[in-house]
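Undergrad: Residue numbers (the numbering used here): 88 to 658. Dumping the structure here so I can ask a few things about it.
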């Protein structure tokens with residue numbers, strides 16, 4: 088599964104492990120990125136971030152499933168198909184929404200049967216180019232996920248993540264992919280209200296001896312624990328099928344990429360200019376494979392490697408997040424201003440390990456709430472805090488310090504799991520915004536796009552190896568994959584990119600990125616014809632929009648002038 092990520096809107100004073108404004112060529116580096124799960128504060132997303140990070144599209148025709156299409160001749164382009172012509176000829180009715188413009192786009196639910204009357208209506212938002220006289224066209228963005236809302240990203244200030252050059256020359260366009268947030272219909276996997284045996288995320292009941300009686304362990308060892316994990320995964324699938332079963336076959340990345348081509352045409356652009364973070368890199372890759380000759384410029388920041396299978400991604404993700412926590416221990420004193428939870432890196436590591444052991448048996452109380460800080464909520468807080476160190480490590484440090492003294496409230500808040508008594512609407516929209524269904528979509532898209540085995544033993548074998556390699560950071564990622572065991576699946580397979588005819592694509596990899604490891608960026612760049620790799624030496628998830636002038640200049644030069652990036656460029 089992919090690391091979820093709501094994009095940038097990064098602070099401009101992002102500290103890194105090396106200076107971010109000196110670009111160098113040829114310096115070898117290794118792994119990092121920003122974006123994903125941090126933006127969605129739920130355990131499901133945090134755990135899923137440790138699982139497979141790349142998705143493959145779905146669709147009926149096998150060649151399309153492998154996303155290995157060569158560019159079709161003009162006469163057979165989708166826009167020329169009579170059944171799709173009305174979709175491609177749409178003219179969005181833009182209207183003011185605050186300082187922005189909003190509209191909707193209609194796309195077929197099933198591209199193989201576009202005239203059956205079933206459609207998705209996707210919300211759009213546009214921030215106009217700041218220099219209309221120099222406008223090039225539209226710049227479409229995807230913030231990550233799967234499940235990130237491009238509309239909410241732009242509305243909440245996401246335009247500030249873009250450099251001045253990009254903002255001057257492009258209208259910035261955000262959209263909610265099919266099934267996501269404001270899409271109509273939207274995927275809903277909410278458990279039935281009549282399920283009293285289910286505790287909310289972050290909550291745990293206690294047995295008479297004070298031990299946690301409901302939460303599943305991050306590493307189920309016994310047959311009974313593993314049966315319980317399987318049962319919970321099957322309930323998750325059943326909930327989704329019950330509420331959204333007719334949608335699930337149609338929310339894959341392949342079809343979402345086809346929607347982007349309809350959007351491109353509706354915006355009046357002959358070719359697509361696009362920037363995707365995290366999962367958005369896989370979506371951009373899917374577009375390049377289906378429509379290589381419709382690409383003007385693609386920036387893929389925090390790359391997903393489509394050549395890896397589910398188990399490879401789970402193992403890689405576990406190792407990356409375990410390393411990220413070590414990076415936190417080693418670099419806390421450089422990033423955190425008010426004090427780290429211990430005086431030395433080894434002290435921080437011991438404190439974290441001791442907390443995991445303690446809350447696994449005796450969850451910590453949370454003042455003013457019936458919830459407790461259990462092993463799962465602690466893990467969620469730590470994993471989510473690895474996305475944007477400059478914005479998150481202070482709160483993590485404060486939470487770990489308080490937890491060491493017996494107060495779990497601050498870490499529960501970091502995990503997004505604190506619920507007050509009587510409040511069961513943690514994912515409800517605070518105003519007129521649509522429900523955040525990012526955790527539902529994360530599972531739906533990952534399971535549809537990436538093939539998974541049905542035999543439970545396949546998971547237990549990978550689970551044991553993952554725990555041996557990376558502890559709970561490995562095992563929790565494999566557990567997230569269990570949801571896909573009985574999920575409605577597409578026929579896709581891991582594959583190397585096939586996008587003949589696509590122009591040079593800019594791939595960005597962060598050396599300290601746990602959600603999308605740097606090695607994935609190197610691999611994706613090597614698979615794309617003319618792929619260009621920009622290495623960002625830093626901690627956290629993704630790079631563009633986090634304050635590095637070096638990264639901003641390189642990306643904006645490419646977007647605006649299509650300036651090639653010299654091989655070995657490092658920021």
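Ideal Cβ positions, reconstructed from N, Cα and C, are used throughout, including at glycine.
Return the CA-CA distance between residue 123 and residue 344, expressed in angstroms with no decimal places.
TA: Translated into positions along the chain shown, residue 123 becomes position 36. Translated into positions along the chain shown, residue 344 becomes position 257. Unreliable positioning characterises residue 123 in this predicted model, as indicated by a pLDDT of 34, which lies under 50. The coordinate reading is nonetheless provided below. Cα-Cα distance, rounded: 19 Å.
Undergrad: Which value, in whole angstroms, describes the spacing of the CA atoms of residue 213 and residue 594?
TA: Here residue 213 refers to the residue found at position 126 of the chain shown. Here residue 594 refers to the residue found at position 507 of the chain shown. Each residue's Cα considered, the two are about 25 Å apart.
Undergrad: Within 8 Å, do at least three Cβ pairs link the segment 267-278 to the segment 322-332?
TA: yes
Undergrad: Sort 618, 336 and 346 by Cα distance to residue 208 and report the nearest one.
TA: For the purposes of this step, residue 208 is taken as residue 121 along the chain shown, with counting starting at 1. Closest by alpha carbon: 346.
Undergrad: Look at the alpha carbon of residue 147 and the alpha carbon of residue 372, and state the distance between them as a whole number of angstroms.
TA: Counting from one through the chain shown, the residue named residue 147 turns up at place 60. Counting from one through the chain shown, the residue named residue 372 turns up at place 285. Caution applies to residue 147, whose pLDDT of 29 falls short of 50 and renders its modelled position unreliable; the model cannot decide the point.
Undergrad: Candidates 210, 196, 194 and 201: which alpha carbon is nearest residue 182's?
TA: As a working note, residue 182 is residue 95 in the chain shown. Taking residue 182 as reference, the option from 210, 196, 194 and 201 with the minimal CA-CA separation is 210.
Undergrad: Determine whether the beta carbon atoms of residue 632 and residue 248 lie at a separation below 7 Å.
TA: As a working note, residue 632 is residue 545 in the chain shown. As a working note, residue 248 is residue 161 in the chain shown. Their beta carbons are under 7 Å apart, which means residue 632 touches residue 248 by this criterion.
Undergrad: Are residue 591 and residue 625 close, meaning C-beta to C-beta below 7 Å?
TA: Reading the chain shown from its first residue, position 504 is the one you call residue 591. Reading the chain shown from its first residue, position 538 is the one you call residue 625. No. Outside cutoff.
Undergrad: Would you list the residues sitting across from residue 238 in a DSSP beta bridge?
TA: Working through the chain shown from its first residue, we reach residue 238 at position 151. Looking at the DSSP assignment, residue 238 forms no beta bridge with any residue, so it has no partner.
Undergrad: Consult DSSP for residue 352 and reduce its assignment to one of helix, strand or coil.
TA: Position 265 of the chain shown, counted from the start, is the residue given in the question as residue 352. Helix.
Undergrad: To the nearest angstrom, how far is it from the Cα of residue 527 to the Cα of residue 408?
TA: Indexing the chain shown from 1 puts residue 527 at position 440. Indexing the chain shown from 1 puts residue 408 at position 321. CA-CA distance, residue 527 to residue 408, rounds to 22 Å.
Undergrad: If you scan the segment 364-435 from start to end, which runs of the alpha helix (DSSP H) of 4 or more residues do you find wholly inside it?
TA: 366-377 and 397-422
Undergrad: Give the straight-line distance between the Cα atoms of residue 569 and residue 538, rounded to the nearest whole angstrom.
TA: Here the question's residue 569 lines up with position 482 in the chain shown. Here the question's residue 538 lines up with position 451 in the chain shown. Near 12 Å, if we compare the C-alpha coordinates of residue 538 and residue 569.
Undergrad: With distance defined between alpha-carbon atoms, name the residue in 576, 326, 600 and 638 nearest to residue 278.
TA: The residue you call residue 278 lines up with position 191 of the chain shown. The candidate whose alpha carbon is nearest that of residue 278 is 326.
Undergrad: I believe residue 599 touches residue 447 by the beta-carbon criterion, under 8 Å. Please report the beta-carbon distance rounded to the nearest angstrom.
TA: Here residue 599 corresponds to residue number 512 of the chain shown, with the count starting at 1. Here residue 447 corresponds to residue number 360 of the chain shown, with the count starting at 1. Taking the Cβ atoms as the reference, residue 599 lies roughly 28 Å from residue 447, outside the contact range of under 8 Å.
Undergrad: Hey, how far is the Cα of residue 421 from the Cα of residue 607?
TA: As a working note, residue 421 is residue 334 in the chain shown. As a working note, residue 607 is residue 520 in the chain shown. Computed Cα separation, rounded: 27 Å.
Undergrad: Let me know if residue 219 comes out buried or exposed under the rule of 16 or more other beta-carbons within 10 Å of its beta-carbon.
TA: Indexing the chain shown from 1 puts residue 219 at position 132. Under this definition residue 219 is an exposed residue.
Undergrad: Can you have a look at residue 309 and say buried or exposed, based on whether 16 or more other CB atoms are within 10 angstroms of its CB?
TA: One-based indexing of the chain shown puts residue 309 at position 222. Burial call: exposed.
Undergrad: Which one or two residues does DSSP pair with residue 195 in a beta bridge?
TA: Taking the chain shown and counting its residues from 1, the one referred to as residue 195 is at position 108. DSSP output for residue 195 lists 206 as bridge partner(s).
Undergrad: What does the alpha-carbon distance come out to for the pair residue 588 and residue 379?
TA: Reading the chain shown from its first residue, position 501 is the one you call residue 588. Reading the chain shown from its first residue, position 292 is the one you call residue 379. If I take the Cα positions, the gap works out to 6 Å.
Undergrad: What would DSSP say about residue 187, mapped onto helix, strand or coil?
TA: If you number the chain shown from 1, residue 187 lands on position 100. Here residue 187 sits in strand by DSSP.
Undergrad: Going by beta-carbon coordinates alone, are residue 323 and residue 370 separated by less than 7 Å?
TA: If you number the chain shown from 1, residue 323 lands on position 236. If you number the chain shown from 1, residue 370 lands on position 283. The Cβ-Cβ distance between residue 323 and residue 370 does not fall below 7 Å.
Undergrad: Have a look at residue 406 and residue 472 and give me their C-alpha separation to the nearest angstrom.
TA: Counted from its first residue, the chain shown places residue 406 at position 319. Counted from its first residue, the chain shown places residue 472 at position 385. For residue 406 and residue 472, the distance between alpha carbons rounds to 16 Å.
Undergrad: Please name the residue, chosen from 562, 623, 388 and 423, that lies closest to residue 463 on a Cα-to-Cα basis.
TA: Here residue 463 refers to the residue found at position 376 when the chain shown is read from its first residue. Selected option, being the one with the closest Cα: 562.
Undergrad: Looking at the structure shown, is residue 560 part of a helix, part of a strand, or coil, going by DSSP?
TA: Within the chain shown, residue 560 is the residue found at index 473, counting from 1. Residue state, collapsed to three classes: helix.
Undergrad: So residue 237 and residue 262 are supposed to be a Cβ contact under 8 Å. How far apart are they, rounded?
TA: The residue given as residue 237 occupies position 150 in the chain shown. The residue given as residue 262 occupies position 175 in the chain shown. With a Cβ gap of about 5 Å, residue 237 and residue 262 count as contacting.
Undergrad: Which same chain residues end up closer than 7 Å to residue 367 when comparing Cβ atoms and leaving out the 5 residues on each side of it in sequence?
TA: Stepping through the chain shown from its first residue, residue 367 is reached at position 280. Residues of the same chain with a CB within less than 7 Å of the CB of residue 367, apart from the 5 flanking positions on each side, are 229, 230 and 231 in chain order.
Undergrad: CB residue 493 to CB residue 460, shorter than 7 Å?
TA: As a first step, residue 493 must be located in the chain shown, where it is residue number 406. As a first step, residue 460 must be located in the chain shown, where it is residue number 373. No, Cβ-Cβ distance for residue 493 and residue 460 is not below 7 Å.
Undergrad: I need the DSSP call for residue 656, collapsed to helix, strand or coil.
TA: Numbered from its first residue, the chain shown carries residue 656 at position 569. Three-state DSSP puts residue 656 in a strand.
Undergrad: Cα separation between residue 520 and residue 560?
TA: Reading the chain shown from its first residue, position 433 is the one you call residue 520. Reading the chain shown from its first residue, position 473 is the one you call residue 560. Near 33 Å, if we compare the C-alpha coordinates of residue 560 and residue 520.
Undergrad: Taking the alpha carbon of residue 72 as the point to measure from, which residue in 360, 575, 482 and 381 has its own alpha carbon closest?
TA: The first residue shown for the chain is 88 and the last is 658, placing residue 72 beyond what the model contains.
Undergrad: Using a Cβ-Cβ cut-off of 8 Å (strictly less than) and excluding sequence neighbours within five positions of residue 541, which residues of its own chain qualify?
TA: Counting from 1 along the chain shown, the entry for residue 541 is found at position 454. Cβ neighbours of residue 541 beyond the five flanking positions: 572 and 573.
Undergrad: Which residues in the same chain have their Cβ closer than 6 Å to the Cβ of residue 252, if we skip the five residues on either side of it in sequence?
TA: For the purposes of this step, residue 252 is taken as residue 165 along the chain shown, with counting starting at 1. Non-local C-beta neighbours of residue 252 in its own chain, meaning closer than 6 Å and more than five positions away in sequence, comprise 643 and 647, ordered along the chain.
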